[in-house]
Amino acid sequence: MDIRKLFILLLQGRISDAKQLLLNFMPSLFAIFGFFLLCGVVVHARGQNALEFYSIIFSSGFSSFDEFGYVLFNATPLIFTGLAVGIGYKSGLFNIGCEGQLYVAAFATAWIGMHLNLPALLLVPLCIAAAMIAGAVWGAIPGYLKAKYGAHEVINTIMMNFIAFALMNYLVTSIYQEPGQMIPQTRQIHETARIPRLASFVPSLPDSNPLNTSFLIACVCVVFCYILLTHTRWGYELRLVGNARDVASYGGINPRAVTVWVMALSGAVAGLAGVAEVMGYRYRYLDSFSSGWGFTGIAVALLGRNNPFGILAAAVLFGLLNKVALDIDILLGIPRGLFFAGQGMLIIWLVCIEGISRKKNDT
Amino acid sequence: MILDLIPTTLRMATPLGFAALGGIYSERAGVINLALEGMMLIGAFGYVVGTQVSGSTGFGLLTGIGFAVGLALLHAVASVTFHAEQVVTGIGINILALGITEYLLPLPKQVGGLPQWQLPFIGSYSFIVYLLPVLMVVSHILLFKTPWGLRLRAAGESTEALAALSLSRAKWQYIGILLSGLLAGVGGCFLASEVHYFTKGMTAGRGYLALAAVIFGNWRPLSGVSACFLFGFATALELANRWNIPGQLLNSLPYILTMVVLIGFVGTSRPPASLGKMKS
C-alpha cells in the first residue's frame, strides 16, 4: 500500500509483490486518465480544440514556480481534509463533517489571534492548538454519540456541519463583525499570529504568491499520519477496529474509545485547514470561506486510497484542477462546472471499483 | 399571527416533504440516500430547462422528474449492482449534480409556475402542495398495509426473509431508489416553479434537511412528512422573525432536534436493520 514498502520490495527483487502493490493504485490512475479523457471529449464536443485544452492544463500548473505555487496553495487545505477523511475511513468511520470542523477551527484560531497580543513564539502554537482543539471537539461529538448511543456518525457529522454553519454565521455577523464593514468577516488577527508566506524565503517565488508555511505543516502532517497509522500501537488499534471490530474487542481493544479518539483526531486534522486559511492566507475569519474543501476531501482520500502519501498526491492533483478550472473559464470560456461534474463522476467510479473488488473478496 | 405563517410553512415544507418521502422509500429498502440533494437540484434544473425548451410547465415537470430518476438510476447501479459504499456514492452524485447544473446553467429567463388550485379557507397554491398529504397517506398504506410494502421493507430489514421467498433484494432496492429519485425530482420541480428561476446550488442543503426529517420521523411517511411541516414552520418563523430570536438558531433547530432524536432522548428512532449493508 505504500511507497516505502514498494522500494524495499523492488530492492529485494520481489517483482511480483511490487506489482501487486502498484495494482492498488491502478484504479486511481485509471480514474484520473478517464477524467481527463472525458473532459477532452466534452471540450471537443463543444467545438473547441481539445489539444489546446490539454496544453492549458499543463501550462496552468507547471509553466513557472509561481503557477505551481498556486497549485500547492490550493492543495494545502485539501491535504488536511483528505487526511481527516482517510484517517476516519481506515477505522471504518465516515467523517462527512470536515466542512463544519474546519469552520469551527478557523473561527477559534481567528478568535485567539484577534484577542491575545502575545509574541509570535507563543501565539502561533496557541492558535494552531486552538484550531485543533475546536476541530477535535466538533469531530468527537459525533464520535461519542456513535460510541455511546450507536447513532450513525454520517448523519450526525452532517447535522454538525449545518449547526457549525449557522453558529459561525451568527458569531461573525452578530458579534464579531469588523466595524464599519458590510462583508461578514472579523477584524484581522495580530501580526504575530500570522505564519509567513514561502515567498519570503524562496527567492524564485514572487511576493504575490499566496503559498505559505501551512503547506509545510501539511507535509509534516502527512508524515505524522503515515507513522501513526503504520508504526504505532494507536495506528494498529485504529486499523484493527476498522477491519475487524470483533477481533479488536477480543484483543482487548475498546472499539468505542477508539471511535471517539479517531473522530477527534480526524476533526483536529480537518481543523488545520482552518489554520491554513486564517493564519496563512486571509488573516481573518470570513463567513463561508471554504469552497467545499470538506467534501472534496472525500474525493481526495478515495483517490489517494486512504494512504497519506497517496492523499498528498491526490490533493496536489485537485489543487491543479481547481486552478485549471479558473484558467479554462477565462481562456476558453468553459464553465468551471465541467470539473465539478468530472469530480463527481470520479468519486462514483472509484467507489464502484472498490465495491466490485470487495464483492470479489466476499465470494 | 400564527395564521400568517401558514403559506410560508406550506411552501417551505412541500419540497422537503417530497424529498423525505423519497428518502423513506430508499432507506426502507436498505439504501442510504445522501443523494436527495443532488436529485432535487437536477429536478429543479430539469424543470426550468424543460419549460424553457417547450414552453409547457407540464413538460418541464416531466423533464425534471426524468433527470432526477436518471441520477437515481446512477445511484442504484453504483450502490446496488456494484456494491459501492452508499454514503460516498451519494456525496459523489451531489457533486456531479452541482457540476452538471453549473456547467449547463440555463438562461436566467423567467419560467412559469405550476398550475395553482384555489381552495376555500386555505388559499391558492400549486397543486403539488395538495398532492403531498395525499402521497403521504398513500405511502403509509403502501409501505405498511400491502404485500408490496412488506417486500420493500424486507429488503431493508431482513434479507433472509426476502431470500426465503426467493425474491431479489437488488430488484426492491432499485425500486426504492428510483422512487426516491421520482419524488425528490418533484420536490426540486416545485422549488424551481415557485421562484421561476434556476440558480446555482439553489437547493441549499434541503436534501440533507429532508434526510434529517426522515430520521426525525423514524423512517415513517406520516411522521416524516409531519417533521417536514415542523421544519417548514421553523423556517417561516425565521423569515418572519418577529421575536428577535437569532435566525441562525431557528435555522439549526431541525439539525439539533435530529441529533437529539437519534440519541434516543426523545422517543426512539430505529433505522431499518440492514440499512447500508451490502451483503445479501
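Going line by line, the protein sequences match chains A and B. Using this note's numbering, the first residue of the first sequence is number 4, and each one after it goes up by one. Using this note's numbering, the first residue of the second sequence is number 78, and each one after it goes up by one. C-beta: ideal position from N, C-alpha, C; glycine also. Since the model is a prediction, treat every value here as computed from it, not as a measurement.
DSSP-derived helix/strand/coil call for Q193(B): One-based indexing of the second sequence puts residue 193(B) at position 116. Here Q193(B) sits in strand by DSSP.
Helix, strand or coil at Q188(A) according to DSSP, with G and I counted as helix: Counted from its first residue, the first sequence places residue 188(A) at position 185. Three-state DSSP puts Q188(A) in a strand.
Per DSSP, cross-strand counterpart(s) of L289(A): Within the first sequence, numbered from 1, the residue matching residue 289(A) stands at position 286. DSSP, once it has assigned bridges, lists Q188(A) as partnering L289(A).
Status (buried if at least 16 other CB within 10 Å, exposed otherwise) for Q184(A): Your numbering for residue 184(A) matches position 181 in the first sequence. Classification for Q184(A): exposed.
L361(A) in three-state terms, based on DSSP: Position 358 of the first sequence holds residue 361(A). The question names Leu, but residue 361(A) is Arg in the sequence shown. R361(A) falls in the helix class under three-state DSSP.
Minimum Cβ-Cβ distance from F83(A) to chain B less than 8 Å: Taking the first residue of the first sequence as 1, we reach residue 83(A) at position 80. Not an interface residue.
Whole-Å CB distance - G169(B) paired with I11(A), under 8 Å assumed: Mapped onto the second sequence, residue 169(B) falls at position 92. Mapped onto the first sequence, residue 11(A) falls at position 8. Not really, about 35 Å apart at Cβ, beyond 8 Å.
Spatially closest choice to M213(B) from L173(B), T128(B), G94(B), by CA coordinates: For this step, residue 213(B) is matched to residue 136 along the second sequence. Measuring from the Cα of M213(B), the nearest candidate turns out to be G94(B).
Interface residues of chain B facing L305(A) [CB-CB closer than 8 Å]: For the purposes of this step, residue 305(A) is taken as the residue at position 302 of the first sequence. Near L305(A) (Cβ distances below 8 Å), the residues of chain B are V165.
Where R339(A) sits in the DSSP three-state scheme: Within the first sequence, numbered from 1, the residue matching residue 339(A) stands at position 336. Coil at R339(A), not helix or strand.
Own chain, CB closer than 6 Å to M171(A), minus 5 neighbours either side, in chain order: Your numbering for residue 171(A) matches position 168 in the first sequence. Excluding residues within five positions, the ones whose Cβ falls inside 6 Å are Y106, F110.
Interface residues of the region 330 to 354 of chain A facing chain B [CB-CB below 9 Å]: I337, P338, R339, G340, L341, F342, F343, A344, G345, Q346, G347, M348, L349, I350, I351, W352, L353, V354
Any C-beta of chain B under 8 Å from that of I359(A): As a working note, residue 359(A) is residue 356 in the first sequence. It does; some Cβ of chain B falls within 8 Å.
Contact list for F298(A) against chain B, beta-carbon separation under 7 Å: As a first step, residue 298(A) is located in the first sequence; it is residue number 295 there, counting from the start. Under the 7 Å cutoff, chain B gives I168, I172.
Neighbourhood of M350(B) by C-beta distance below 8 Å, restricted to the same chain and skipping five residues each side: Position 273 of the second sequence, counted from the first residue, corresponds to residue 350(B). Correcting the residue identity first, residue 350(B) is Ala in this sequence and not Met. Taken in chain order, the residues that qualify are G233, E234, S235.
7 Å Cβ shell around A131(A) - same chain, five flanking residues per side excluded: To locate residue 131(A), count along the first sequence from 1; it is residue 128. Reading off the sequence shown, one finds Ile at residue 131(A), where the question assumed Ala. Closer than 7 Å at the Cβ level, and outside the excluded window around I131(A), lie V278.
Pick from S58(A), Y288(A), P338(A) that is closest to H193(A), judged by C-alpha positions: On the first sequence, position 190 is the one that residue 193(A) refers to. It is Y288(A).
Three-state class that DSSP yields for R200(A) in the structure shown: Translated into the one-based positions of the first sequence, residue 200(A) becomes position 197. Note: R200(A) maps to strand in three-state DSSP.
Stretch pair the region 130 to 147 of chain B + the region 294 to 312 of chain B: three plus CB contacts closer than 8 Å: no
Cutoff 7 Å; reference Y179(A); Cβ partners in own chain excluding five residues on either side: Residue mapping note: residue 179(A) aligns to position 176 of the first sequence, counting from 1. T189, listed in sequence order.
Alpha helix (DSSP H) segment containing G324(B), residue limits: Residue mapping note: residue 324(B) aligns to position 247 of the second sequence, counting from 1. Looking at the DSSP string, the run of the alpha helix (DSSP H) that includes G324(B) is 324 to 340.
Backbone secondary structure at N413(A) - three-state DSSP: There is no way to answer for residue 413(A), as the model of chain A reaches only from 4 to 366.
Under 7 Å from the C-beta of M162(A): neighbouring residues of chain B: By one-based count along the first sequence, residue 162(A) stands at place 159. Per Cβ cutoff of 7 Å: A289, Y332, T335, M336.
R339(A) to S329(B) span [Cα, whole Å]: As a first step, residue 339(A) must be located in the first sequence, where it is residue number 336. As a first step, residue 329(B) must be located in the second sequence, where it is residue number 252. Rounded to the nearest angstrom, the two C-alpha atoms are 31 Å apart.
Under the three-state DSSP convention, the category S203(B) falls into: Within the second sequence, residue 203(B) is the residue found at index 126, counting from 1. Note: S203(B) maps to strand in three-state DSSP.
Residue nearest to Q325(B) in terms of C-alpha spacing, selected from S203(A), R308(A), A169(A), I220(A): Stepping through the second sequence from its first residue, residue 325(B) is reached at position 248. Q325(B) has its Cα closest to that of A169(A), out of S203(A), R308(A), A169(A), I220(A).
Nearest-angstrom beta carbon gap, A269(B) and T85(B) [assumed within contact, 8 Å]: As a working mapping, residue 85(B) is identified with position 8 in the second sequence. As a working mapping, residue 269(B) is identified with position 192 in the second sequence. The pair is not a contact, with the Cβ atoms about 18 Å apart (cut-off 8 Å).
C-beta neighbour in chain A for P185(B), strict 8 Å: The residue you call residue 185(B) lines up with position 108 of the second sequence. Not one chain A Cβ lies under 8 Å of P185(B).
Element boundaries [alpha helix (DSSP H), containing F56(A)]: Mapped onto the first sequence, residue 56(A) falls at position 53. Where F56(A) is concerned, the enclosing alpha helix (DSSP H) stretches over 53 to 65.
Cβ of I186(A) within 8 Å of any chain B Cβ: Counted from its first residue, the first sequence places residue 186(A) at position 183. Not closer than 8 Å to any Cβ of chain B, the Cβ of I186(A) fails to qualify, so no.
Sequence-distant residues of the same chain with beta carbon closer than 7 Å to L209(B), five excluded per side: Stepping through the second sequence from its first residue, residue 209(B) is reached at position 132. Taken in chain order, the residues that qualify are T91, G94, F95, V302.
Interface residues of chain B facing N246(A) [CB-CB closer than 9 Å]: Along the first sequence, read from residue 1 onward, the residue named residue 246(A) stands at position 243. Per Cβ cutoff of 9 Å: no residues; N246(A) is ~15 Å from chain B at best.
Residue environment, R17(A), which counts as buried when at least 16 other CB atoms sit within 10 Å: Locating residue 17(A) in the first sequence gives position 14, where the first residue counts as 1. Exposed is the call here.
Residue environment, V215(B), which counts as buried when at least 16 other CB atoms sit within 10 Å: Sequence index remark: in the second sequence, residue 215(B) carries index 138 (1-based). Flag for V215(B) reads exposed.
Bridge-paired residues (DSSP) for N215(A): By 1-based counting over the first sequence, the position of residue 215(A) is 212. Answer is R200(A), bridged to N215(A).
Inter-residue spacing [alpha-carbon to alpha-carbon] between K277(B) and T178(B): Against the second sequence, residue 277(B) aligns to sequence position 200. Against the second sequence, residue 178(B) aligns to sequence position 101. Looking at the two C-alpha atoms, the distance is approximately 7 Å.
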